[in-house]
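Below is one structure, written out as structure tokens; comments come after it.
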Amino acid sequence: MTTQGAELGTKSPPRRGLPATAIVATLLAAAVVVLVFRLPGAVVVSALLPVAALLCVGVYRPRRDSAPLWVFQGCAIVCGGIGLVFAPGTPPAVNYATLAVIFTLFALALLATGTEMAAGRAVMGAFYWAFGATMLIGWAEVITGFKLQSILYPDAGNLLYPGRFYVAAYFPNINDFGVVVAMFSIMAVARFLFDVRGPVRQVARLAAAAAGAVLIFGGGSRGSLVAMLVGWALLLLVSLRQTRRRALPAAPIIVAGFLAMAVALYVWSLPVIQDSSTKVRGDILRNTISLSMEYPASVWFGWGHNAAFQTAVKAAYANQLMDPHNVLLEIYSWYGLPTLLAFLALLAVIVYRGVWLMELRDHWTAVVAVVLFSLTPVLGIVPSSSLRYYYLFVLAACAIAALSPRQGRNSP
Numbered sequence: 001m002t003t004q005g006a007e008l009g010t011k012s013p014p015r016r017g018l019p020a021t022a023i024v025a026t027l028l029a030a031a032v033v034v035l036v037f038r039l040p041g042a043v044v045v046s047a048l049l050p051v052a053a054l055l056c057v058g059v060y061r062p063r064r065d066s067a068p069l070w071v072f073q074g075c076a077i078v079c080g081g082i083g084l085v086f087a088p089g090t091p092p093a094v095n096y097a098t099l100a101v102i103f104t105l106f107a108l109a110l111l112a113t114g115t116e117m118a119a120g121r122a123v124m125g126a127f128y129w130a131f132g133a134t135m136l137i138g139w140a141e142v143i144t145g146f147k148l149q150s151i152l153y154p155d156a157g158n159l160l161y162p163g164r165f166y167v168a169a170y171f172p173n174i175n176d177f178g179v180v181v182a183m184f185s186i187m188a189v190a191r192f193l194f195d196v197r198g199p200v201r202q203v204a205r206l207a208a209a210a211a212g213a214v215l216i217f218g219g220g221s222r223g224s225l226v227a228m229l230v231g232w233a234l235l236l237l238v239s240l241r242q243t244r245r246r247a248l249p250a251a252p253i254i255v256a257g258f259l260a261m262a263v264a265l266y267v268w269s270l271p272v273i274q275d276s277s278t279k280v281r282g283d284i285l286r287n288t289i290s291l292s293m294e295y296p297a298s299v300w301f302g303w304g305h306n307a308a309f310q311t312a313v314k315a316a317y318a319n320q321l322m323d324p325h326n327v328l329l330e331i332y333s334w335y336g337l338p339t340l341l342a343f344l345a346l347l348a349v350i351v352y353r354g355v356w357l358m359e360l361r362d363h364w365t366a367v368v369a370v371v372l373f374s375l376t377p378v379l380g381i382v383p384s385s386s387l388r389y390y391y392l393f394v395l396a397a398c399a400i401a402a403l404s405p406r407q408g409r410n411s412p
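Residue numbering for the sequence shown follows the UniProt record's numbering, beginning at 1 and increasing consecutively.
Here it is, written out as structure tokens:
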């Protein structure tokens, strides 16, 4: 790998010393913690900290194989901006386009400062510990019987549910909380498989993953439970392919994948699993697409901002649940069809290079970044809204950083 470099416009960024690396890693990790805990002003802070990192360290040309990420982010910015032009009323300061700009700055700080390895590990480590702390808050609620929702969301429906396990920490409902716990459980298993340490730590990691599974099962978030199990299976597949690649050729994996999908569809169709929530999700999908056809600009550029979408929803589907409950539908609503296609292309690149070709950096955070981003379509059907937590944007940048640079595309 190259050790030389210069300012913006050079072929590759330089390797960074400890001070620059520590600055970027610390600032981006702090931004993640603020986002996860949903602290006041989190969006503003998550914009200022990456900008501070860029000002301190400088901006360099990112690696060429990160192009799919920039296409996705660029489509989001352009389409979101054009969507504002067609949106009725005065747009708020925080709208879909400004959010795309904010997380493009985050991606630049991660991938264009010459610190992507250390910064990517710091960001994923921040996710791990913040998600773990969130799970502990949930367990504290289970043990004490006190729910933070009674203070943060006094009208939340979860407060009416019987049983101690219906907890959500600082989230508005159990599904949003369940997704975070599922991601932590996946990360704990990843550390067990790819960051092998002493027996005490290994047992603690398995115990943490099991604690997350029990919390999800007790709370009844079926989607989170399925996503967690799929994540565990994907980690096991990656682990086996790393150690026994010749023993796992392509054809049996493809056949096993189709069989697993068939079994999953059968299980999902069972009466014990199905209820009205699946029908409601189907209605939301149909209604959202039907509504966008009445406003052709929204098909290509999204709605610009949430208020514009809600106004159209209230006029067309008053008193009906219209939260997306589907991250792909949400990307379509926020940014339009071109951005959705750009996201799917980015997802395909990450899955193909990270899971199929195993072009991964040698660290547990690299594996888990690729696995979690690959799972976004599964994780994204659980909560009412996924993009409002912004994890997808951050994980996208981390997943690119997790891939081993290809020949001729040097990167630190």
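In this text, a Cβ means the ideal position worked out from N, Cα and C, and glycines have one as well.
Three-state secondary structure (DSSP) at residue i?
i	result
L39	coil
R164	coil
R388	helix
R222	helix
T90	coil
Q73	helix
N95	coil
N287	helix
A169	coil
G178	helix
T115	coil
I381	coil
K314	helix
R353	helix
W303	coil
R191	helix
K279	helix
A20	helix
D65	helix
M322	coil
T2	Confidence at T2 is low in this model, with a pLDDT of 34, below 50, so its placement is unreliable and the value that follows should be read with caution. Of the three classes helix, strand and coil, the one that applies to T2 here is coil, per DSSP.
V196	coil
P338	helix
L372	helix
F131	helix
G80	helix
Y295	coil
Considering only DSSP beta bridges, list what residue i is partnered with.
i	result
L360	L403
Decide if residue i is buried, meaning its Cβ has at least 16 other Cβ atoms within 10 Å, or exposed.
i	result
Q320	exposed
T243	exposed
residue 414	Nothing about residue 414 can be reported from this structure: the residues present for the chain run from 1 to 412 only.
E294	exposed
D176	buried
R201	exposed
W334	buried
K147	buried
L39	exposed
P172	buried
W356	exposed
I143	exposed
S386	buried
Q310	exposed
G302	buried
L55	exposed
G41	exposed
R361	buried
Going by CA-CA distance only, name the one from the options that's closest to residue i.
i	options	result
N306	F131, V34, A25, P88	P88
A397	I381, F184, T365	T365
T26	Y60, A67, L69, R121	R121
R191	G125, R241, A169, M135	G125
V167	R388, A133, L215	L215
V189	A312, F171, G132	G132
I174	S221, S298, I381	S221
G114	W70, V203, P62, F165	P62
P68	A348, E141, M228, E116	A348
L152	A169, A53, R164, S185	A169
D283	A315, P324, V71	P324
V370	R286, L234, T104, N287	L234
residue 468	L84, S185, F194	Limits of the chain in this structure are 1 at one end and 412 at the other, which puts residue 468 out of reach.
A399	L379, L372, I381, Y389	L372
L237	M358, V123, V32, S46	M358
Y60	L110, G198, Y96, I102	L110
R286	M322, L108, V71	M322
I331	R64, G83, V32, A30	G83
L240	A308, F194, Y128, C75	F194
Y33	T90, A97, A130	Note that residue 33 is Val in the sequence shown here, rather than Tyr. The option with the nearest alpha carbon to V33 is A130.
With residue i and residue j assumed to form a contact (beta carbons below 8 Å), what rounded beta-carbon distance in angstroms separates them?
i	j	result
C79	G354	Actually they do not touch by this definition, with Cβ atoms about 26 Å apart.
M187	V368	5 Å
F86	G304	7 Å
G223	V382	4 Å
A31	L49	4 Å
Y380	V327	Note that residue 380 is Gly in the sequence shown here, rather than Tyr. Right, their Cβ atoms sit about 3 Å apart.
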